[in-house]
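The structure appears right after this line, and notes come after that.
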């Protein structure tokens, strides 16, 4: 268990709803759910979720902290916004799902091998480096996510696509060497650092 | 009446002139209908047509009028002549609109029209002009039984309208349950917080009103009479009885909470820390805004669980089968008591279906904002102890769970204080379970001296029968209106609206009675039932079958009609085996002679005759609407509107069959618990009587398919004509009746 997680468990003993309200983006909306189930019924990925949003909200209220935060469910959200559009109580469900996923990740208890989480991490690291996504590096990073031999295999599989992109000028092979950074990338780093500080201070995360 | 002068008027408007041979109809009216004055008019309902009729009434002495034009439901204002008997031959909706406009159809269409003219003349010849009920009273004072929020509101509303009010309350103070509340569910924007009950203000208003006389610690020990002339004994708890006269009665006797001791599995009676909603109000009143303390040890309550539907919506038959409607909002309100005094108190509402009528949805949201937790689940057990354990099944997570609490509140629901159940005579339990062990004694509220019983009839679950579908305040005792939770479960806001409505109905009843007129639904009807004493066999069927308990017995055991209590449905007339009961304008003869006047072609003509007796409230308008939509039906049908199917005397069916009709269709309203009958029991009585018609048919060697009774709603615009056509097909299959002479 991470240090931050221990702190949170201590701070909100037996009251997971309050913890969610304080620390999760849009978490103060969870209490307003009226359990109609429209979100779960509207979700195109609904059948694949272990706990659809309706259940997640009920679990938050029932204090099932471990089960919620270690769940893969929130990571299944594809941000289609169907639930937000349909929720009769106007809960920002998509945002809450991402908020919960993000919170679990910060606490270090999100499922380690969840592909969405891993992709999100890759993407984040990629984009903050130069302030702009380096697509070539991102895709290669993705191929090699599950080890070297898998990476080579996947790379060979995708070779015809890559060559096609190259031919039509949609892929810059020099991206591999770096470059493509925006001007003032270091300023972006400063901004991100400041934002992190503000957020940590606001949410009471020890930093 | 010796000097009947019939005037028959045939209209040629609305296409009647083109489709029908009106000259022939006039001949029929004159020769067969014995009309002394017969005229036709291009447009009978216009001012020239009306003044023509008026002139005949004034100058020619016409006192019985047959209007051969449109349905009796159309142009009632134009054809409403005072002090004459009127019959309407329905040539428009009854004939030309339901028959094809073709050369082949011309003959039978004309025959249909001629029959309706014959029927109109026959009916009017047997009608008399109604005279006002001679034994009407004109007391307009309103008696309100029950001083809760419903009773107080009724009293105030009736007084505001200028009527004197007697308010009788069983206990020593006004206010009822509402006075025992700490706060009320809000009745106005923003529906966010509990509000003051408003009871003290109502009490002050009543005390300040000179028109309202309050009797505390009093009950009604006898009620007799009729609207406009009720006589009521008011007995004081300390002894002593005063007799008062009133014109109408409002029964607002309210409810009792379902006894929580009947729920031992939920901790009812097992722990002082398991209370019902009334118990929590008491705790909240004691705390008065400060932290609420629990009964067992006076500890400040830090966690509370509300159990919804405790002993309600029960399918096992042990507890209340119904939803009391107010409890969800009440628990939301009570959870707010805790959250408002200390947001850190855990308040959990365990529900299966949260129902928040009115603007309760906003109130629910407000509670969620305040941090009340709502959990969908069914509670199986409450384990008593210093910390109570509420075991429940979480229905969202499909999980067995336990909630710990300092206090548990059970939402136990309402049991009506409706007095004795007169249908299960002797006061059998009105709610299963409520009387288990026989600890609670059912006491009559009104102590009516009516032959049918001491209190208002019940519908189900022990609530008053109050025509919940169409006319919510109407009970089955004319001039007595029930309101509030005695009628159906409801909250204070609904009770206030209900009480206002009941006050207006009571005023209406007293005013109508003073004019000698009927109350709803034949409001304004001046006719009333009379009987031929020398023919009566004292069989008592009329006194038993009257849906409104209007008929008592006199000292010589003859029926005593209490005209002001009568709703003029004619169920007594239909019940009478010796046919001695009649109304001046509606009798066994007015309908019987219509039936007999129809021309019956011989057995080989291939022209059957179908008699349709249609309830004037639902089936007849449905057929009229079918006609407006030009939905055609068999030209062999002859439709006679009846006040209620309950007024159908089986002699009509007998006469019809013996005089050669090939089929009979009875169309009445829906019966049973979800009845739509305007007279509550009329259609049910008709069904009961008709259930025995098969023997009669067999005795006449006729097929049982020739008579059919069916439930027709006003919306059955397609179905009603279809039923007639089905009968026509049946007759085609089984052949014409051999009884034609």
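Chains as they are written, first to last, in our numbering: chain A, 60 to 266; chain B, 2 to 742. Every residue, glycine too, gets a C-beta built ideally from N, C-alpha and C. Just so we're clear, the structure is a prediction, and the values are computed from it rather than from any experiment.
If we define contact as Cβ-Cβ less than 8 Å, is residue 91 of chain A a contact residue for chain B?
Yes - at least one Cβ of chain B is within 8 Å of the one on residue 91 of chain A.
Run through the stretch 150 to 236 of chain A for me and flag every whole alpha helix (DSSP H) of 4 or more residues, listed as ranges in chain order.
Listed in chain order, the complete alpha helix (DSSP H) runs (minimum 4 residues) inside the stretch 150 to 236 of chain A are 152 to 166, 174 to 189, 194 to 202, 207 to 216 and 218 to 226.
Short check: CB of residue 246 of chain B to CB of residue 230 of chain B, under 8 Å?
It is a contact, given that the beta carbons lie within the stated cut-off.
Does residue 372 of chain B get closer than 8 Å to chain A when you measure Cβ to Cβ?
Output row for residue 372 of chain B: interface = yes.
Going by other Cβ atoms of all chains shown within 10 Å of its Cβ, with 16 needed for buried, is residue 156 of chain A buried or exposed?
Buried, by the Cβ-count rule.
Could you tell me the alpha carbon to alpha carbon distance between residue 507 of chain B and residue 492 of chain B, rounded to whole angstroms?
One C-alpha to the other measures close to 22 Å.
Do you know how far the Cα of residue 148 of chain B is from the Cα of residue 46 of chain B?
If you take the alpha carbons of residue 46 of chain B and residue 148 of chain B, they lie about 52 Å apart.
Do you know how far the Cα of residue 224 of chain A is from the Cα of residue 99 of chain A?
Looking at the two C-alpha atoms, the distance is approximately 39 Å.
Applying the criterion that 16 or more other CB atoms from any shown protein chain within 10 Å of the CB defines a buried residue, is residue 403 of chain B buried or exposed?
Classification for residue 403 of chain B: exposed.
Just reading off the beta strand (DSSP E) that residue 667 of chain B is part of, what are its end residues?
Taken as a continuous stretch (DSSP letters only), the beta strand (DSSP E) holding residue 667 of chain B covers 664 to 669.
Does the count of Cβ pairs from the stretch 324 to 338 of chain B and the stretch 191 to 202 of chain B closer than 8 Å reach three?
The stretch 324 to 338 of chain B vs the stretch 191 to 202 of chain B: in contact.
Using alpha carbons as the reference points, say which of A:133, A:164, A:170 and A:65 lies closest to residue 102 of chain A.
Among A:133, A:164, A:170 and A:65, the Cα nearest to that of residue 102 of chain A belongs to A:133.
Could you name the residues of the same chain whose beta carbon sits closer than 8 Å to that of residue 361 of chain B, not counting the 5 residues immediately before and after it, in chain order?
186, 192, 329, 330 and 333.
Quick test of your reading: residue 558 of chain B and residue 539 of chain B, contact by CB under 8 Å. State the CB separation rounded to the nearest angstrom.
About 5 Å; that satisfies the 8 Å criterion.
Which residues in the same chain have their Cβ closer than 6 Å to the Cβ of residue 123 of chain B, if we skip the five residues on either side of it in sequence?
Here the set comprises 594, 595 and 598.
Which of helix, strand or coil does DSSP assign to residue 42 of chain B?
It is a strand residue.
Can you tell me whether residue 10 of chain B is buried or exposed? The criterion is at least 16 other CB atoms within 10 Å of its CB, across all chains shown.
Answer is buried; the Cβ neighbour count reaches 16.
For residue 146 of chain A, which of A:113, A:85, A:169 and A:69 has the nearest alpha-carbon?
The option with the nearest alpha carbon to residue 146 of chain A is A:113.
Say whether chain A places a C-beta atom closer than 8 Å to the C-beta of residue 398 of chain B.
Residue 398 of chain B counts as touching chain A.
What's the gap between the Cα of residue 263 of chain B and the Cα of residue 270 of chain B?
Cα to Cα, the separation comes out at about 8 Å.
Determine, using beta carbons only, whether residue 183 of chain B and residue 295 of chain B come nearer to each other than 8 Å.
No, the Cβ-Cβ distance between residue 183 of chain B and residue 295 of chain B is not below 8 Å.
Go to residue 658 of chain B, then tell me how far its alpha helix (DSSP H) extends in each direction, as first and last residue.
Where residue 658 of chain B is concerned, the enclosing alpha helix (DSSP H) stretches over 651 to 659.
Are the stretch 579 to 590 of chain B and the stretch 633 to 640 of chain B touching, with three or more C-beta to C-beta distances below 8 Å?
No, the stretch 579 to 590 of chain B is not in contact with the stretch 633 to 640 of chain B.
Roughly how many angstroms separate the alpha carbons of residue 178 of chain B and residue 205 of chain B, rounded to a whole number?
Approximately 17 Å between the Cα atoms of the pair.
Taking buried to mean at least 16 other C-beta atoms within 10 Å of its own C-beta, is residue 260 of chain A buried or exposed?
Exposed.
Taking C-beta pairs closer than 8 Å, name the residues in chain B that residue 114 of chain A reaches, listed in chain order.
397 and 398, listed in chain order.
Would you check if there are 3 or more beta carbon pairs closer than 8 Å linking the stretch 231 to 244 of chain B to the stretch 387 to 406 of chain B?
Judged by Cβ distances under 8 Å, the stretch 231 to 244 of chain B makes no contact with the stretch 387 to 406 of chain B, as fewer than three pairs qualify.
Under a Cβ-count criterion, where at least 16 other Cβ atoms within 10 Å of its own Cβ denotes burial, should residue 127 of chain B be classed as buried or exposed?
Under this definition residue 127 of chain B is a buried residue.
Go ahead and label residue 189 of chain B buried or exposed: buried means 16 or more other beta carbons lie within 10 angstroms of its beta carbon, across all protein chains shown.
Burial call: exposed.
So, using beta-carbon positions, are residue 410 of chain B and residue 308 of chain B closer together than 8 Å?
Going by C-beta atoms, residue 410 of chain B is nearer than 8 Å to residue 308 of chain B.
Locate the beta strand (DSSP E) running through residue 256 of chain B, then write down its first and last residues.
Run containing residue 256 of chain B: 256 to 258, per the beta strand (DSSP E) assignment.
So, residue 486 of chain B versus residue 496 of chain B, is the Cβ gap smaller than 8 Å?
Contact: yes.
In whole angstroms, what separates the C-alpha of residue 565 of chain B from that of residue 383 of chain B?
Cα to Cα, residue 565 of chain B sits roughly 55 Å from residue 383 of chain B.
In chain B, which residues lie with their C-beta within 8 Å of the C-beta of residue 118 of chain A?
Neighbours of residue 118 of chain A on chain B, chain order: 398.
Chain B partners of residue 81 of chain A, CB-CB under 7 Å?
Result: empty, since nearest Cβ-Cβ is about 13 Å, beyond 7 Å.
Between the stretch 184 to 199 of chain A and the stretch 225 to 245 of chain A, do three or more beta carbon pairs fall short of 8 Å?
Yes: the two stretches touch, three or more of their Cβ pairs being nearer than 8 Å.
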